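S.K.:
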Amino acid sequence: MSDTENKNVAADTQEEVVESPDVHFEPLVKLEDVVVKTHEEDEEPIFKMRAKLFRFDTESKEWKERGTGDVKLLKHNDTKKIRLLMRRDKTLKVCANHYITEDMVLSPNVGSDRSWVWNVAADLVDDEAE
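If you read the sequence shown in our numbering, its first letter stands for residue 81, the second for the next number, and so on.
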């Protein structure tokens, strides 16, 4: 056989392979549905607003960004306690979570009419008190 005949035979064998458009693969592992609890099931949202959260670092004496997302005030159905909960936008990681107490004072931040300041006894978002 000549080179041109070999090329024609090779081209014919490549054209014979027809791919099926409806390919189906069976899964190797069966995954069960997981129920994710946010611990907001027993609470009623009474306020929700998009915000950016900062915390004041006392060592460096500067404001550090904690995250951007929806801040919510949630009222528990049984205990009637109100807590502030804020999750970051894309990751939904909690960046603020504490109860609202009677001794907390919400005051406007100096130099801005759009930001507010309050103090919390302990910040446990990063699993260590700050």
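Cβ coordinates follow ideal geometry from the N, Cα and C atoms, glycine included.
Keep in mind that this is a model prediction, so the values were computed, not measured.
Could you tell me whether the Cβ atoms of Gly149 and Met166 are closer together than 8 Å?
M.R.: In this structure, Met166 lies closer than 8 Å to Gly149 by Cβ.
S.K.: With a cut-off of 8 Å on the beta carbons, I'd call His187 and Val197 a contact; round off their distance for me.
M.R.: Per the sequence shown, residue 187 should be read as Ser rather than His. Their Cβ separation, rounded to whole angstroms, is 6 Å, which keeps Ser187 and Val197 in contact under 8 Å.
S.K.: With a threshold of 16 other CB atoms inside 10 Å of the CB of Leu108, please say whether the residue is buried or exposed.
M.R.: The residue in question, Leu108, is exposed, as its Cβ has fewer than 16 Cβ neighbours within 10 Å.
S.K.: Can you tell me which of the three DSSP states Lys141 falls into?
M.R.: In the structure shown, Lys141 sits in coil (DSSP, three-state: anything other than H, G, I, E or B).
S.K.: How would you write the range of the beta strand (DSSP E) that Arg163 sits in, first residue to last?
M.R.: Start and end: Ile162 to Arg168.
S.K.: As a quick exercise: from Val151, Lys110 and Gly147, pick the residue whose alpha carbon is nearest that of Thr171.
M.R.: Measuring from the Cα of Thr171, the nearest candidate turns out to be Gly147.
S.K.: Count the other C-beta atoms from every protein chain shown that fall within 10 angstroms of the C-beta of Val23, then say buried if there are 16 or more, exposed otherwise.
M.R.: Here the chain covers residues 81 to 210 and nothing more, so residue 23 does not appear.
S.K.: In whole angstroms, what separates the C-alpha of Asp137 from that of Leu153?
M.R.: Roughly 24 Å between the two C-alpha positions.
S.K.: What residues are listed by DSSP as bridge partners for Phe127?
M.R.: In DSSP, Phe127 forms a bridge with Leu153.
S.K.: Tell me the DSSP secondary structure of Pro188 in three-state form.
M.R.: Of the three classes helix, strand and coil, the one that applies to Pro188 here is strand, per DSSP.
S.K.: What are the boundary residues of the beta strand (DSSP E) that includes Ala201?
M.R.: Looking at the DSSP string, Ala201 is not in any beta strand (DSSP E), and its letter there is neither H nor E.
S.K.: Whose CA, out of Lys141, Val174, Lys161 and Lys155, lies closest to the CA of Phe127?
M.R.: Looking at the Cα atoms, Lys155 is the closest of the given residues.
S.K.: Looking only at C-alpha atoms, which of His104, Val185, Cys175 and Asn157 sits nearest to Lys144?
M.R.: Cα-wise, what sits closest to Lys144 is Cys175.
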